[in-house]
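Asks:
Residue numbers (our numbering): 1 to 603.
Written as structure tokens, this is what we have:
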């Protein structure tokens, strides 16, 4: 067998070279065992690194292996096997035509735009990877779908990525955006399709010693990986690596490579070094103690074919961890120790989605009667009726007998917009305490809302009235300008500020949008709705405005911006039926992070 790839050229970053070598090794392992390893979560935008990796995988896969590409607007119907309408009508029985998953049997299925995948399509793909069968297929050779899935994730920020159910079924996670062109061109895989073919022929004969299996489980647990599926994928990767190197069984080198490629990207912590145990001190026996009897002689046959001891398993796990860390650059280990390699949480991408029957992207069909905006799915209706034609009575000259139960209507998927309304207390008390931090937090939250393609609005209340500084918009630059010009000082018309935010929220709900209000205040109003000063009237108006918001069921979050938690702000949150966050002494980033977490809970 050929050696592994050579080191990266001089002058290139060590971590980029190591990352690319691991990416080439992952491509070889996928080519050896595509269905067993599930596939690759490829975190890279369009560019040289992604193209070079796909080209390397193509060179290693058998020439006869099919490659299928799924559409960007993926739904369950696009994955499923469906009836061949012409043959079904001609024969009077259901004749299936394979879908893209079935056509990729034995090869590769490419999934672009995986970061925007909805849960239904993700569940269908997970079912394909688990069962090796295409959804909708009843029987026959067209039902098989044993494949490797390559999920292209082009998301740049945190909060996006694959659904966890699908990510857990893909053995490898590769982030290639940091790999420069010189590395991809200067470091090529020395393996070819003939090497992979030989490894495939040996794969079924590769064994994993039980002691090594237990050691890999221990190593995964020490990395904070508790998914049994991840451990199974690591074991399969170790067998494929041993097959590539020509071994008869999996050794520690192959196991360490599998841990580095499969378990390490899922790690939630670094293994802690255990403190050395102190040797126990031997105490002299008391004078009247009976001397211990000599132990019985050991039977030479004992210990043969016995399971390894816990100490041996731990020692083997320690060696595996040392081998993994020896292959990593120091800066990667340092970033892991700081928590930089934790898995990314998945957000909902470009807004929530709702299903309907009138407009949007196609999202399958369902039984129903067309009319009142519902569109007939003609092909699916004919496919539902075709198998029953031989049993149905038809009038003279009637070629098809279609009944009400056969009718199908189209479903569409439309993004559900969310309006985030920031209501900022710009009065004198807030300006003296936390207005600067509040501005910074609002700007960070505005950027987060813009990334999700949400609408944002900005309400400021000070003096005698509340003012909508920014109507609902997606223009981030305009929002920043309005925020920078936000003045501070004056009295606190808190009731008017709540009313203004509530009006915007109610208008958004009437337009079919979701609305959420983030209220930054210390809760101490001193101006009534009509502009007159007086704490008693201001408290009454604030209570009335909060009660109206609660009755309307507005989704709200009250952030207490006082230097110390104020009981007025907590009471205001309770009256609005809103969540409450007290952040005394916090900076803008802390306020934004807490507000974002509170809003995610509400979603």
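Note that the Cβ used here is the ideal one computed from N, Cα and C, for glycine as well.
State the Cα-Cα distance for the pair residue 230 and residue 269, rounded to the nearest angstrom.
Replies: 16 Å
Asks: So residue 39 is in the beta strand (DSSP E); what residue range does that whole segment cover?
Replies: 39-43
Asks: Check whether the Cβ atoms of residue 446 and residue 472 sit closer than 8 Å, and answer yes or no.
Replies: no
Asks: Residue 519 and residue 383 - do their beta-carbons sit closer together than 8 Å?
Replies: no
Asks: In terms of residue numbering, what span does the alpha helix (DSSP H) encompassing residue 388 cover?
Replies: Segment: none, residue 388 is in no alpha helix (DSSP H) and carries neither H nor E.
Asks: Inspect the beta-carbon positions of residue 255 and residue 238 and report whether they are closer than 8 Å.
Replies: yes
Asks: Find out if the Cβ-Cβ distance for the pair residue 175, residue 43 is shorter than 8 Å.
Replies: yes
Asks: Count the other C-beta atoms from every protein chain shown that fall within 10 angstroms of the C-beta of residue 153, then say buried if there are 16 or more, exposed otherwise.
Replies: By the neighbour-count criterion, in which a residue is buried when 16 or more other Cβ atoms sit within 10 angstroms of its Cβ, residue 153 is buried.
Asks: Three-state secondary structure (DSSP) at residue 457?
Replies: strand
Asks: As a quick exercise: from 228, 400, 196, 508, pick the residue whose alpha carbon is nearest that of residue 25.
Replies: 196
Asks: DSSP state of residue 472, grouped into three classes?
Replies: strand
Asks: Per DSSP, what kind of secondary structure is residue 633 in: helix, strand or coil?
Replies: Shown here, the chain extends from 1 to 603; a query on residue 633 therefore has no answer.
Asks: Can you tell me whether residue 574 is buried or exposed, with buried defined as 16 or more other CB within 10 angstroms of its CB?
Replies: exposed
Asks: For residue 108, write down the residues that DSSP places opposite it in a beta bridge.
Replies: 67, 148
Asks: Helix, strand or coil, according to DSSP, for residue 36 in the structure here?
Replies: The three-state reading of DSSP puts residue 36 in helix, counting H, G and I together.
Asks: With a threshold of 8 Å, are at least 3 pairs of Cβ atoms found where one atom belongs to the stretch 527-541 and the other to the stretch 489-508?
Replies: yes
Asks: Give me, in chain order, the residues of the same chain whose beta-carbon lies closer than 6 Å to that of residue 110; leave out the 5 immediate sequence neighbours on both sides.
Replies: 69, 150
Asks: In the structure shown, what three-state DSSP assignment does residue 369 receive?
Replies: In the structure shown, residue 369 adopts coil according to DSSP, grouped into three states.
Asks: Using a Cβ-Cβ cutoff of less than 6 Å, which residues in the same chain neighbour residue 31 once the five nearest sequence positions on both sides are dropped?
Replies: Once the five neighbours on either side are set aside, the close Cβ partners of residue 31 are 60, 61, 196.
Asks: Just checking my contact of residue 544 with residue 495 at CB under 8 Å: how many whole Å lie between their CB atoms?
Replies: 7 Å
Asks: Would you identify the three-state DSSP class for residue 581, choosing helix, strand or coil?
Replies: strand
Asks: For residue 64, tell me which candidate among 35, 107, 54 has the shortest Cα-Cα distance.
Replies: 107
Asks: Measure the C-alpha to C-alpha separation of residue 514 and residue 590 and round it to an integer number of angstroms.
Replies: 25 Å
Asks: Compute the beta-carbon to beta-carbon distance between residue 171 and residue 262, rounded to the nearest angstrom, for a pair I have assumed lies under 8 Å.
Replies: 5 Å
Asks: Alpha carbon to alpha carbon, what distance is there between residue 147 and residue 418?
Replies: In this structure, the alpha-carbon of residue 418 lies about 38 Å from that of residue 147.
Asks: From the beta carbon of residue 314, is the nearest beta carbon of chain C less than 8 Å away?
Replies: This model lacks chain C altogether; it includes just one protein chain.
Asks: Between residue 101 and residue 134, which are expected to be in contact by the criterion C-beta below 8 Å, what is the C-beta distance as a whole number of angstroms?
Replies: Confirmed, about 4 Å.
Asks: In or out: residue 398 buried (at least 16 other Cβ within 10 Å) or exposed?
Replies: exposed
Asks: Smallest Cα separation from residue 71: which of 113, 39, 203?
Replies: 113
Asks: What is the DSSP secondary structure of residue 426, counted as helix, strand or coil?
Replies: coil
Asks: Residue 558 bridges to which residues according to DSSP?
Replies: 519, 580
Asks: Using a Cβ distance threshold of 8 Å, determine whether the stretch 210-224 contacts the stretch 308-324, with at least three qualifying pairs required.
Replies: yes
Asks: For residue 20, which residues from the same chain have a beta carbon less than 6 Å from its beta carbon, with the 5 sequence-adjacent residues on both sides left out?
Replies: 179, 183, 187
Asks: From this set, 260, 164, 47, which residue's C-alpha is nearest residue 223's C-alpha?
Replies: 260
Asks: What is the C-beta distance between residue 466 and residue 497, in whole angstroms, given that I count them as a contact (C-beta under 8 Å)?
Replies: 4 Å
Asks: Per DSSP, residue 172 is paired with what?
Replies: 40
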